[in-house]
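Residue numbering for the sequence shown is 13 to 411, as defined by our numbering. C-beta: ideal position from N, C-alpha, C; glycine also.
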Amino acid sequence: MQALQNLQKGSFRFPTKIRFGVKEAENISMVLRENGKARPLFVTDAGLAATDLFQKIVRDAEKSGLKVSVYSDARGNPVKGHVDAGVSAFKAHQADSLVIVGGGCALDVGKAIALMAYHPGDLFQYEDDMPGALPVDQEIPFMLALPTTAGTGSEVGASSVISDDHTHAKKIIYSPRLTPHEVIADPELTVGLPVHITAATGMDALTHNIEAYLAKNYHPMCDGIALEGIRLVFKYLHRAVETPNDLEARGGMLMASMMGAVAFQKGLGVTHSCAHALSTCYDTHHGLANALMLDACLRFNLEVVPDRFATMAKVVGSMETFLEAGRSTEKELGLVFIKNIRDLKRSLEIPTNLAVICSQVTDNLLDVAVSDSCHLNNPRPCSREDFHSLFLEAIKGDE
């Protein structure tokens with residue numbers, strides 16, 4: 013009986029249909045027609061809309077006979093105003109579906125448009141865990157997602173992160189029904205990414221996988237996926253940056269990104285609370301914010317879950333390094349894992365300290381970090397004083 017009492021309990025959900033591979037983007041029209049759709053609204057960001065890649069996708073859809081309209085006003089860290097304008101575009105086109113092409117910005121906006129296309133009220137009335145939040149119980153239009161970055165993995169996620177236009181506070185809108193119905197993950201769509209975006213989004217994928225694995229909730233399926241995602245990032249991220257046309261590396265990073273998004277169904281942690289605060293207060297790119305905070309936050313967590321750090325170290329090959337040096341305690345392995353992350357960031361020319369973004373810890377920064385819900389699932393409780401210390405440590409960096 014005691015053994016049964018010690019067993020964990022959990023409730024699990026895994027997401028959507030994924031078409032993965034080179035040239036799969038040529039199948040957009042086929043997927044829409046298979047699902048009985050003829051009037052898609054293509055949602056992308058302002059930068060991607062002007063590219064040859066996106067223009068070709070739209071031309072091919074139009075040539076196939078689809079009635080296409082494009083909404084492309086979203087940019088940067090998306091705000092509710094982007095969503096409101098997108099909903100107006102959806103209704104004006106009398107759209108029957110959404111084709112969301114882009115990175116985290118376009119994907120978050122597209123999913124929020126899908127929610128508000130047929131739901132009443134204001135977007136933020138659907139904020140996750142808000143007392144009295146409205147139910148997601150109306151029609152959700154068909155969504156086809158095509159990621160052009162390998163970072164957030166939002167194409168397989170059930171959340172949309174949208175900021176308030178005025179306060180810039182991030183709001184998380186969550187429902188399993190916001191997971192896109194199908195995904196086309198074509199490595200060629202990520203080839204044109206600037207080097208610094210490839211690096212930053214790759215660090216975002218790594219952070220998702222790491223924090224999901226460390227999160228205190230019980231979800232062994234996500235644990236396994238997160239560990240494989242970590243392995244893939246260490247294998248492929250540097251290659252994707254150094255050789256942008258390496259489709260194997262691009263594909264590996266796309267998969268690692270989606271795995272991270274699946275894994276963080278389990279939860280995230282303190283790194284994300286810090287990163288969300290940096291994005292709110294300084295409009296910092298989310299992947300870069302995660303990268304800047306990751307080392308300090310991992311050292312903070314190493315004290316309470318050294319066994320998990322040892323496992324991550326073994327996955328990326330750190331164990332052999334330690335055994336050769338005659339040191340193999342779990343904490344020592346964890347420290348080498350953190351060093352490997354620092355070395356990876358250096359190889360990607362990512363800054364090693366937060367001072368490039370901010371040089372002091374403000375009350376506003378702390379307020380946003382403490383109020384962010386991600387750290388509630390961190391393996392080690394994090395107080396306001398702890399957040400202050402983490403930001404200071406990150407500002408100091410390797411100096």
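DSSP three-state assignment for residue i, whether helix, strand or coil
| i | result |
| --- | --- |
| L16 | Because the pLDDT of L16 is 46, which lies under 50, any placement of that residue in the model is unreliable, and the question is left without a value. |
| S371 | coil |
| D198 | coil |
| D57 | strand |
| Y186 | strand |
| F154 | strand |
| L110 | strand |
| C394 | coil |
| S401 | helix |
| Y138 | helix |
| V168 | helix |
| K29 | strand |
| A86 | strand |
| A406 | helix |
Limits of the unbroken alpha helix (DSSP H) element including residue i
| i | result |
| --- | --- |
| A37 | Taken as a continuous stretch (DSSP letters only), A37 belongs to no alpha helix (DSSP H), as it is neither H nor E. |
| R71 | 64-75 |
| K103 | 92-105 |
| K123 | 116-128 |
Whether residue i touches residue j by CB criterion (8 Å)
| i | j | result |
| --- | --- | --- |
| P192 | T56 | no |
| L119 | I152 | no |
| G279 | A217 | no |
| V113 | T160 | yes |
| D198 | G59 | no |
| L377 | F312 | no |
| M265 | G299 | no |
| I496 | T296 | Nothing about residue 496 can be read from this structure; the chain reaches only from 13 to 411. |
| S359 | K182 | no |
| A325 | V348 | yes |
| L53 | L135 | no |
| R51 | K79 | yes |
| A303 | K228 | no |
| A273 | V168 | yes |
| K245 | A224 | Looking at the sequence provided, one finds Val at residue 245 rather than Lys. Cβ atoms of V245 and A224: not closer than 8 Å. |
| L345 | A322 | yes |
| I365 | K408 | In the sequence under discussion, the amino acid at residue 365 is Asn, which differs from the Ile named in the question. The answer is yes: Cβ separation under 8 Å. |
| H220 | C386 | no |
| V121 | A86 | yes |
| A124 | F102 | no |
| F154 | K49 | yes |
| D307 | I362 | no |
| H288 | D384 | yes |
| V317 | R262 | no |
| G163 | G133 | no |
| L158 | L201 | yes |
| A406 | M305 | yes |
Where the beta strand (DSSP E) containing residue i begins and where it ends
| i | result |
| --- | --- |
| I174 | 171-175 |
- prompt: Can we say the segment 86-104 touches the segment 169-180, given the rule of at least three CB pairs closer than 8 Å?
  reply: yes
- prompt: Is it a yes or a no for the segment 254-262 touching the segment 237-244, going by three-plus beta-carbon pairs under 8 Å?
  reply: no
- prompt: Curious, which full-length alpha helix (DSSP H) runs of at least 4 residues does the segment 295-357 contain?
  reply: 298-314, 318-327, 330-337
query: Which ranges does the beta strand (DSSP E) cover as unbroken runs of at least 3 residues, wholly within the segment 196-279, from first to last along the chain?
result: For the segment 196-279, not a single whole beta strand (DSSP E) run of length 3 or above is found.
query: Are there three or more Cβ pairs, one per stretch, closer than 8 Å when the segment 202-220 is compared with the segment 66-78?
result: no
contact_flag[the segment 60-67, the segment 139-152] where n(CB pairs < 8 Å) is 3 or more: no
query: Between the segment 264-284 and the segment 380-400, do at least 3 Cβ pairs fall closer than 8 Å?
result: yes
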